[in-house]
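Just below is one structure, and these are the notes that go with it.
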Amino acid sequence: MVAAYLAFLALFGGERIAELLLSRRNARIALAHSGVESGAAHFRWMAAVHALFLPACAAEVLLLRRPFPGALGWACAAAALGAQALRWSAISTLGWRWNVRVIVVPGESPVRAGPYRFVRHPNYVAVAIEMLCVPLLHGAWICAVVFSALNLVLLRIRIRVEERALGATWERAFAGVPRFIPHG
Numbered sequence: 132m133v134a135a136y137l138a139f140l141a142l143f144g145g146e147r148i149a150e151l152l153l154s155r156r157n158a159r160i161a162l163a164h165s166g167v168e169s170g171a172a173h174f175r176w177m178a179a180v181h182a183l184f185l186p187a188c189a190a191e192v193l194l195l196r197r198p199f200p201g202a203l204g205w206a207c208a209a210a211a212l213g214a215q216a217l218r219w220s221a222i223s224t225l226g227w228r229w230n231v232r233v234i235v236v237p238g239e240s241p242v243r244a245g246p247y248r249f250v251r252h253p254n255y256v257a258v259a260i261e262m263l264c265v266p267l268l269h270g271a272w273i274c275a276v277v278f279s280a281l282n283l284v285l286l287r288i289r290i291r292v293e294e295r296a297l298g299a300t301w302e303r304a305f306a307g308v309p310r311f312i313p314h315g
């Protein structure tokens with residue numbers, strides 16, 4: 132199962148590279164439309180955490196000989212794949228306005244379609260699920276705890292910056308929408 136997990140991590144890493152390429156293209160478009168970037172100071176830390184995440188998962192499984200945890204592993208695999216679907220739904224809903232940085236184009240209307248009908252930050256929900264489930268998929272509980280905690284700290288900063296940058300129009304549009312967990 133270790134080889135399958137490493138292959139999963141490699142595919143996941145390839146998907147992340149595709150996201151970064153799309154993000155770079157979208158950032159250029161947003162900046163060409165007079166987009167304004169916020170939060171560059173914390174972005175370095177987010178990039179570092181995400182860059183270390185997959186190698187750390189592989190290292191923990193290999194060096195500490197973590198076994199595949201059976202039913203928990205399969206449940207985490209399903210959750211991680213569900214998180215990917217949620218992330219790509221968020222990305223496709225935002226179109227060229229999605230990128231990994233906080234770049235806001237003045238005058239653009241808030242997007243209230245796709246997963247944004249249910250939660251304000253579906254992409255961050257997906258990341259939180261991944262940070263927990265991708266390591267636990269093969270018993271890497273240290274990575275699950277450490278990276279989930281780091282992600283929560285960074286998201287507290289990121290969400291404040293992002294919501295401030297999006298402004299009052301966005302806040303009004305999302306007044307009744309929860310940040311992470313949809314209402315019943």
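Residue numbers for the sequence shown follow this note's numbering, beginning at 132 and rising by one.
Even for Gly, the Cβ is constructed at its ideal location relative to N, Cα and C.
In the three-state reduction of the DSSP assignment, Val233 falls in the strand class. Inter-residue distance for Arg218 and Trp272 is about 23 Å (C-alpha atoms, whole angstroms).
Collapsing the DSSP output to three states places Val242 in coil.
Per the coordinates, the alpha-carbon of Thr224 lies some 24 Å from the alpha-carbon of Val265.
The stretch 270 to 286 and the stretch 181 to 193 touch, with three or more beta-carbon pairs separated by less than 8 Å. According to the DSSP secondary-structure assignment, Ser169 is paired through a beta bridge with Val233. In this structure, Val242 and Glu293 do not form a Cβ contact; the two beta carbons are roughly 13 Å apart against a cut-off of 8 Å. Within its own chain, the residues whose Cβ lies closer than 8 Å to the Cβ of Trp301, once the five positions on either side in sequence are excluded, are Pro241 and Glu294, listed in chain order. In the three-state DSSP reduction, Pro253 falls in the helix class (H, G or I). Secondary structure note for Gly213: its alpha helix (DSSP H) is the uninterrupted segment Ala202 to Leu225. Between His252 and Ile290, the gap from beta carbon to beta carbon is short of 9 Å. The residue from Gly270, Phe278 and Pro246 with its alpha-carbon nearest to that of Phe311 is Pro246. In this structure, Ser169 sits away from Val258, with a CB-CB distance that is not shorter than 9 Å. Between Glu239 and the set Arg175, Leu185 and Trp227, the nearest pair of CA atoms involves Trp227. In the three-state reduction of the DSSP assignment, Met132 falls in the coil class, being assigned neither a helical nor a strand state.
Of the other Cβ atoms in all chains shown, 16 or more fall within 10 Å of the Cβ of Gly166; this residue is therefore buried.
In the structure shown, His269 falls within a coil segment according to DSSP collapsed to helix, strand and coil.
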